[in-house]
Each structure stands twice: as C-alpha cells, then as structure tokens.
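A.B. asks: Dumping the structure here so I can ask a few things about it.
In this note's numbering, the protein residues as written are 55 to 326.
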C-alpha cells in the first residue's frame, strides 16, 4: 500500500483513530446503556446484539473515514481500494499470508496432526476398522460437523464478525488515516496496534465481574491478551500495508483465532 498523496495533520489522524477506538468499544454497550433494552435472555441473543453493534460501527467508521480522508477520485474502485477492498490478486492475498501465518504455528499444527493420527489409530483398534476406512468415515461426517459448527454463535464471532469488523476498523480505516497524517509505514505498523489493544481493555471488567477473578489476576489475564493483540496487530498491519488488500489480515486473523496461542512446548509421557 502506497502512502496517500493527500495529507492530514498528525494530531487529526491520531484523534480520529482514538475516536474510532472509543466508538468501537462504546457501541457494544449501547443496547443496555443507551437504548435501555432489557438484558438478553440467552448468550446467543447477547452475541447477536454485539454482532449488530460491531457491524454498525464498521459501516460508520468507513463513512467517517470517507469524509475525513482527502480522497479526490470519485471512482468506486479507487475509493474501495483505499480500504483494501479490491478483487485483483485476491488469491495471492489469501494464500501467501495464510502460509506465512501457519509457519508461526508449525508446532501447533504438528501437534494437532499427531493427535488426529492417534485418534484414528485408537478408533481403528477399538472398531477393527482399517485406517482408510477411518479416514473415509471422518470425511463423510464432515458435512454434519460443518453444519453444526456453522450454527454455533462462537463460530460466527471468532471467524466472521470479529475478523471482518476489527480488520475494517483497525486496519482498513486507521492505516490510511495514519499514512495520510504523515506517518511512515513502519510507524503505522507499530502505532495502529496500540489502538487495537486499547479496544480490548473492556475485557478486564468483564473478566473481573463475570469470572469473579481478583483484580490482580484479571489484570494479568488481560495484560497477556493485550500483549498478544499488539504483536498480532503489528503483523496484521504489516500484511495490510504490504499487500494493500484487506483479505490478507482478515484470513490471518481468522486463522489465529482458530489456532489460539502457539504451542511452545509439550510435556511428553513420563515427564513431570
């Protein structure tokens, strides 16, 4: 992604990013604090409300940036391209970042593969079914499993709503603002994740009140999460700037949500 020709002042760009961060967090609590809606009756209803709020925030952020950014061209392709929404080099923007991200999870992927093979071996031993039969039965059961997963609200949160809305707000909108504000690309890569991590501070009060953690324990949990979001945010910002395509950080985001924290070591059998 090239630095924009138009210019904003650096304070305006930073203030705009802070405003979007605060709005992204505040809108999640709008149904109960502002609209005074009754508390949701189930966790699914609670998450659906948040999905709607996050989607509204994303659309509002795109419109806000369109008003603030000095976009001179009226062509739709150019305007969408500012946000990394483009169709050219789509597969490269998906495959290469996914491959690069998987390198960080080499240990986790190897562990998952070994557990899957062991599961097949145990099933073959118990049922007396050959390995190819186990693989075939696993493949045949995939449609039903995928249907069950797709109806899970956590699936939509982790792999659809959170990646799409967060990448739109914290990468597609904020990075053009910072570049137009005169920040260098490497400065934007390390500055943008600061706003991304601040948007997760609200988790501290949720963990503190919902899980009855002590303030110190809640601070440690959220501190670890903030550290991870800063590292991932820098990586996602690099992908966005390097490719100029929102698909690159989006697929990396969904993949990291699936994998969780990388596995650094595993206790073998017989170890303490």
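The beta-carbon is built from N, C-alpha and C at its ideal position, and this holds for glycine as well.
Nothing here was measured: the structure is a model prediction, and the numbers come from that model.
By Cβ distance below 7 Å, which residues in the same chain neighbour residue 94 in space, the five residues on each side in sequence not counted?
C.D. replies: Against the chain shown, residue 94 aligns to sequence position 40. So the list reads 100 and 103, once near-sequence residues are dropped.
A.B. asks: Flag residue 167 as yes when its Cβ comes closer than 8 Å to any non-hydrogen atom of the ligand NAP, and as no otherwise.
C.D. replies: Looking for the ligand NAP in the displayed structure turns up nothing, as the structure carries no ligands at all.
A.B. asks: Residue 118 to residue 250, Cα distance in whole Å?
C.D. replies: Here residue 118 corresponds to residue number 64 of the chain shown, with the count starting at 1. Here residue 250 corresponds to residue number 196 of the chain shown, with the count starting at 1. If you take the alpha carbons of residue 118 and residue 250, they lie about 18 Å apart.
A.B. asks: For residue 167, which residues of its own chain have a beta-carbon under 8 Å away from its beta-carbon, when the five flanking residues on both sides are left out?
C.D. replies: For the purposes of this step, residue 167 is taken as residue 113 along the chain shown, with counting starting at 1. Nothing listed; no residue qualifies.
A.B. asks: Taking C-alpha atoms, which residue in 171, 215, 97 and 161 lies nearest to residue 113?
C.D. replies: Locating residue 113 in the chain shown gives position 59, counting from the first residue. The option with the nearest alpha carbon to residue 113 is 215.
A.B. asks: Report all residues from its chain with a CB closer than 7 Å to the CB of residue 304; omit the five preceding and five following residues, and keep chain order.
C.D. replies: Along the chain shown, read from residue 1 onward, the residue named residue 304 stands at position 250. Contacts found: 217, 218 and 221.
A.B. asks: Kindly indicate which three-state DSSP category residue 230 falls into: helix, strand or coil?
C.D. replies: The count along the chain shown starts at 1 and reaches residue 230 at position 176. The DSSP-derived three-state label of residue 230 is helix.
A.B. asks: Flag this pair as yes or no: are the beta carbons of residue 243 and residue 300 separated by less than 9 Å?
C.D. replies: For this step, residue 243 is matched to residue 189 along the chain shown. For this step, residue 300 is matched to residue 246 along the chain shown. In this structure, residue 300 does not lie closer than 9 Å to residue 243 by Cβ.
A.B. asks: Ends of the alpha helix (DSSP H) at residue 82?
C.D. replies: To locate residue 82, count along the chain shown from 1; it is residue 28. No alpha helix (DSSP H) contains residue 82, which DSSP labels as neither H nor E.
A.B. asks: Residue 287: buried (16+ other C-beta within 10 angstroms of its C-beta) or exposed?
C.D. replies: By one-based count along the chain shown, residue 287 stands at place 233. Residue 287 should be labelled buried.
A.B. asks: I think residue 298 touches residue 226, with their Cβ atoms under 8 Å apart; what is that distance to the nearest whole Å?
C.D. replies: If you number the chain shown from 1, residue 298 lands on position 244. If you number the chain shown from 1, residue 226 lands on position 172. Incorrect: roughly 10 Å between the Cβ atoms, too far for contact.
A.B. asks: By how many angstroms is the C-alpha of residue 155 removed from the C-alpha of residue 289?
C.D. replies: Position 235 of the chain shown holds residue 289. Position 101 of the chain shown holds residue 155. Rounded to the nearest angstrom, the two C-alpha atoms are 9 Å apart.
A.B. asks: Taking only the alpha-carbon atoms, compute the straight-line gap between residue 234 and residue 248 and give it to the nearest angstrom.
C.D. replies: On the chain shown, position 180 is the one that residue 234 refers to. On the chain shown, position 194 is the one that residue 248 refers to. In a straight line, the C-alpha of residue 234 is about 18 Å away from that of residue 248.
A.B. asks: Measuring alpha carbon to alpha carbon, tell me which residue in 315, 98, 282 and 92 is nearest residue 206.
C.D. replies: Walking along the chain shown from the start, residue 206 turns up at place 152. Of the candidates 315, 98, 282 and 92, the one whose C-alpha sits nearest the C-alpha of residue 206 is 98.
A.B. asks: When the distance is taken between beta carbons, is residue 162 closer than 9 Å to residue 314?
C.D. replies: In the chain shown, residue 314 corresponds to position 260, counting from 1. In the chain shown, residue 162 corresponds to position 108, counting from 1. At the C-beta level, residue 314 and residue 162 come within 9 Å of one another.
A.B. asks: Measure the alpha-carbon distance for residue 67 versus residue 109 and round it to whole angstroms.
C.D. replies: The residue labelled residue 67 in the question sits at position 13 within the chain shown. The residue labelled residue 109 in the question sits at position 55 within the chain shown. Distance between the alpha carbons of residue 67 and residue 109 is about 22 Å.
A.B. asks: Pop quiz: residue 147 and residue 302 are said to be a contact at Cβ under 8 Å. What is the actual Cβ separation, rounded to whole angstroms?
C.D. replies: The count along the chain shown starts at 1 and reaches residue 147 at position 93. The count along the chain shown starts at 1 and reaches residue 302 at position 248. Between residue 302 and residue 147 the Cβ distance is about 5 Å, and since that is below 8 Å, they are a contact.
A.B. asks: Give me the Cβ distance between residue 125 and residue 116, rounded to the nearest whole Å; I'm assuming they're in contact under 8 Å.
C.D. replies: Along the chain shown, one-based indexing puts residue 125 at 71. Along the chain shown, one-based indexing puts residue 116 at 62. Contact doesn't hold; Cβ gap of about 12 Å is too wide.
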